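From first to last, the protein sequence lines stand for chains P and V.
Be aware that the first sequence starts at 22, since it is given in our numbering, and climbs by one per residue.
Be aware that the second sequence starts at 22, since it is given in our numbering, and climbs by one per residue.
By construction, the Cβ of each residue, glycine as well, lies at the ideal position given by its N, Cα and C atoms.
Quick caveat: nothing in here was measured; it's all calculated off a predicted structure.
As structure tokens, the structure follows; a few thoughts come after it.
Protein chains: 2
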Amino acid sequence: MTRRTIPDIVIGRLPVYLRALNFLIAEGRQITSSQELGDRLGISSAQIRKDLSHFGEFGKQGTGYDINFLYDQLRQILKVNRMWDVVLVGAGNLGKAIADYGGFAGKGFSIKAIFDTAPEKVGLAMGIDNRIVQPIGELADTIRTKGIIVGIIATPAEEAQAVARTMVDAGIKAILNYAPITLTVPSNVRVQYIDPVVGLQRMTYYLQG
Amino acid sequence: MTRRTIPDIVIGRLPVYLRALNFLIAEGRQITSSQELGDRLGISSAQIRKDLSHFGEFGKQGTGYDINFLYDQLRQILKVNRMWDVVLVGAGNLGKAIADYGGFAGKGFSIKAIFDTAPEKVGLAMGIDNRIVQPIGELADTIRTKGIIVGIIATPAEEAQAVARTMVDAGIKAILNYAPITLTVPSNVRVQYIDPVVGLQRMTYYLQG
């Protein structure tokens, strides 16, 4: 196992490769190249070859990558060749959009339970699986009972840290946080942030005008 | 100007530093260190010092960084010490959540116009500035008339490419895309993706269970 030596930045690009391969499969394609993937993603072909070389030999010199094979390998590496149950906290517009998001299907994630603090939200059916919104007081029990380790926070900023603490205490190990605050969690818990400001600010550096 | 030599990956971390500094300011703090920033962000202090060294000398050995000074400098480098007007396309739950998002205020962005293809959405008032949702047919004209170069796409996947094309043809240079597809745009247009699957898949690699 050479896992622990692979830079996190490389791991971060694998889901992007997976998404590109997914689109190629949808287009009915069978073979691709690091050049084509690079052109599609705005990443150099050398970088893609180097990233993939951490995990083995996926392409043959001159013949490119077998798309389905590479897709399956990357899913296995990222452990998304299985389903991860997910809890979602926050049933406002954002929570609704996440619950309705069709993009999770087949990507390894299934929202199993939705929670909100607002009494008027509790009891509503929401999302593609028509989950009933539960009161926030049931969050910890649900996580423990179902053995869920992945959570999504889509609450206002001021509620997010308390939700994260409840999640972590109940056993959550990975949090996708939409609230515009940096969460404090133990070092064995992973957090990824979804923040439109970070995405926008990353582009303005390059803009004139 | 050494701008063009700075790796994009470094630029990508500056908004994250800016957000951390913003929270320190909100806490009433005045001085911080690369160590403290690193601990908060899960990035090594050496990386932070190296990233910042691309842009000059922001801290003194042994005394740390003046938070307000560093904050102002980073805002200037990222060109967010001004307001960028933004068009938003998509007025569903996700578009509503983006329009309502309080996190843009003071971060350099202001949503100036909102568009949707659905007749029942057009004419609704939406977001913290109560913008009236306009028909998609007015998108190009609005972009040109107001000289807007930043756009956000929050449409279903199947509409996103056409919206991107209209945006780019009208003059948009930076797109934040929430739709789960990779957009094809000219090389002088920047795209950043907001994709929960990418964030989640980036974490499962590290999970057991």
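Open item on the list: Rounded to whole angstroms, what is the Cα-Cα separation between V:Leu160 and V:Gln213?
Closed with: Looking up residue 160 of chain V in the second sequence gives position 139. Looking up residue 213 of chain V in the second sequence gives position 192. One C-alpha to the other measures close to 20 Å.
TODO: Flag V:Ala139 as yes if its beta-carbon sits less than 8 Å from any beta-carbon of chain B, otherwise no.
DONE: No chain B is part of this structure, whose protein chains are labelled P and V.
Open item on the list: Using CA atoms only, rank isn't needed, just tell me which of V:Val154, V:Ala200, V:Asp29, V:Val108 is closest to V:Gly144.
Closed with: Along the second sequence, read from residue 1 onward, the residue named residue 144 of chain V stands at position 123. Relative to V:Gly144, the option among V:Val154, V:Ala200, V:Asp29, V:Val108 whose CA is nearest is V:Val154.
- [ ] Could you tell me if P:Thr203 is buried or exposed, where buried requires 16 or more neighbouring beta carbons within 10 angstroms of its beta carbon?
- [x] Along the first sequence, one-based indexing puts residue 203 of chain P at 182. Looking at its Cβ environment, which holds 16 or more other Cβ atoms inside 10 Å, P:Thr203 is buried.
Open item on the list: Please return the same chain residues whose Cβ sits closer than 7 Å to the Cβ of P:Ile170, not counting the five positions on each side in sequence.
Closed with: On the first sequence, position 149 is the one that residue 170 of chain P refers to. Closer than 7 Å at the Cβ level, and outside the excluded window around P:Ile170, lie Gly192, Ile193, Lys194, Ala195.
Task: Selected residue, minimal CA-CA separation from V:Gly124, among P:Met224, P:Val210, P:Pro201, P:Thr26 - done: Indexing the second sequence from 1 puts residue 124 of chain V at position 103. It is P:Pro201.
TODO: Using a Cβ-Cβ cut-off of 8 Å, state whether P:Phe136 counts as contacting chain V.
DONE: Here residue 136 of chain P is taken as the residue at index 115 of the first sequence, counted from 1. No, P:Phe136 lies away from the interface with chain V (no Cβ there is under 8 Å from its Cβ).
Open item on the list: Please report the distance separating the alpha-carbon of V:Lys71 from that of P:Asp87.
Closed with: Translated into positions along the second sequence, residue 71 of chain V becomes position 50. Translated into positions along the first sequence, residue 87 of chain P becomes position 66. Taking the straight line from one Cα to the other gives about 39 Å.
Task: Min CB distance P:Thr163 to chain V below 8 Å - done: In the first sequence, counting from the first residue as 1, residue 163 of chain P sits at position 142. Taking a beta-carbon distance threshold of 8 Å, P:Thr163 does not count as an interface residue toward chain V.
- [ ] With DSSP collapsed to three states, give me the class of P:Phe79.
- [x] Sequence index remark: in the first sequence, residue 79 of chain P carries index 58 (1-based). In the structure shown, P:Phe79 sits in coil (DSSP, three-state: anything other than H, G, I, E or B).
Open item on the list: Taking 7 Å as the limit between beta carbons, can you name the residues of its chain near V:Lys167, skipping five residues before and five after?
Closed with: To locate residue 167 of chain V, count along the second sequence from 1; it is residue 146. So the list reads Asp106, Lys133, once near-sequence residues are dropped.
Open item on the list: Quick check on this structure: which residue in V:Ile46, V:Ser65, V:Glu48, V:Gly49 has the alpha carbon closest to the alpha carbon of V:Ser55?
Closed with: Your numbering for residue 55 of chain V matches position 34 in the second sequence. When only C-alpha atoms are compared, the closest one is V:Ser65.
Task: Three CB pairs or more closer than 8 Å across the region 113-124 of chain P and the region 114-131 of chain V - done: yes
Open item on the list: Below 7 Å on C-beta distance, what does V:Gly49 contact in chain P?
Closed with: On the second sequence, residue 49 of chain V is found 28 positions in, with the first residue counted as 1. Residues of chain P whose Cβ lies closer than 7 Å to the Cβ of V:Gly49 do not exist, since the nearest Cβ in that chain is about 16 Å away.
TODO: Give a yes or no on whether the minimum CB-CB distance between P:Gly77 and chain V is below 8 Å.
DONE: Sequence index remark: in the first sequence, residue 77 of chain P carries index 56 (1-based). Not one chain V Cβ lies under 8 Å of P:Gly77.
Open item on the list: Strictly under 8 Å for the Cβ-Cβ distance: is V:Arg223 near chain P by that measure?
Closed with: Here residue 223 of chain V is taken as the residue at index 202 of the second sequence, counted from 1. Yes, its Cβ sits closer than 8 Å to a Cβ of chain P.
Task: P:Lys133 - containing beta strand (DSSP E), residue span - done: For the purposes of this step, residue 133 of chain P is identified with residue 112 of the first sequence, where counting begins at 1. From DSSP, the beta strand (DSSP E) with P:Lys133 extends over 130-137.
Open item on the list: Please list, in chain order, the chain P residues whose beta carbon lies closer than 7 Å to that of V:Ala183.
Closed with: As a position in the second sequence, residue 183 of chain V is number 162, starting the count at 1. By Cβ distance, chain P contributes nothing, its closest Cβ being about 16 Å from V:Ala183, past 7 Å.
Task: Range covered by the alpha helix (DSSP H) that runs through P:Asn114 - done: Locating residue 114 of chain P in the first sequence gives position 93, counting from the first residue. Unbroken alpha helix (DSSP H) run through P:Asn114: 114-121.
Open item on the list: Could you give the first and the last residue of the continuous beta strand (DSSP E) run that contains V:Ala195?
Closed with: Mapped onto the second sequence, residue 195 of chain V falls at position 174. Taken as a continuous stretch (DSSP letters only), the beta strand (DSSP E) holding V:Ala195 covers 195-198.
TODO: Can you check the region 146-210 of chain V for any beta strand (DSSP E) of at least 3 residues that lies completely inside it and give the ranges in chain order?
DONE: Runs of the beta strand (DSSP E) lying entirely within the region 146-210 of chain V, each at least 3 residues long, are 152-156, 171-174, 195-198 in chain order.
TODO: Please say whether P:Gln222 and V:Leu99 have beta carbons closer to each other than 8 Å?
DONE: For this step, residue 99 of chain V is matched to residue 78 along the second sequence. For this step, residue 222 of chain P is matched to residue 201 along the first sequence. Contact flag set, yes.
Task: Whether P:Ile135 touches P:Met147 by CB criterion (8 Å) - done: The residue you call residue 135 of chain P lines up with position 114 of the first sequence. The residue you call residue 147 of chain P lines up with position 126 of the first sequence. Yes, these two residues count as a Cβ contact at 8 Å.
- [ ] With a 10 Å radius around its C-beta and 16 neighbouring C-beta atoms as the bar for buried, classify V:Pro28 as buried or exposed.
- [x] Stepping through the second sequence from its first residue, residue 28 of chain V is reached at position 7. When all chains shown are included, V:Pro28 counts as exposed.
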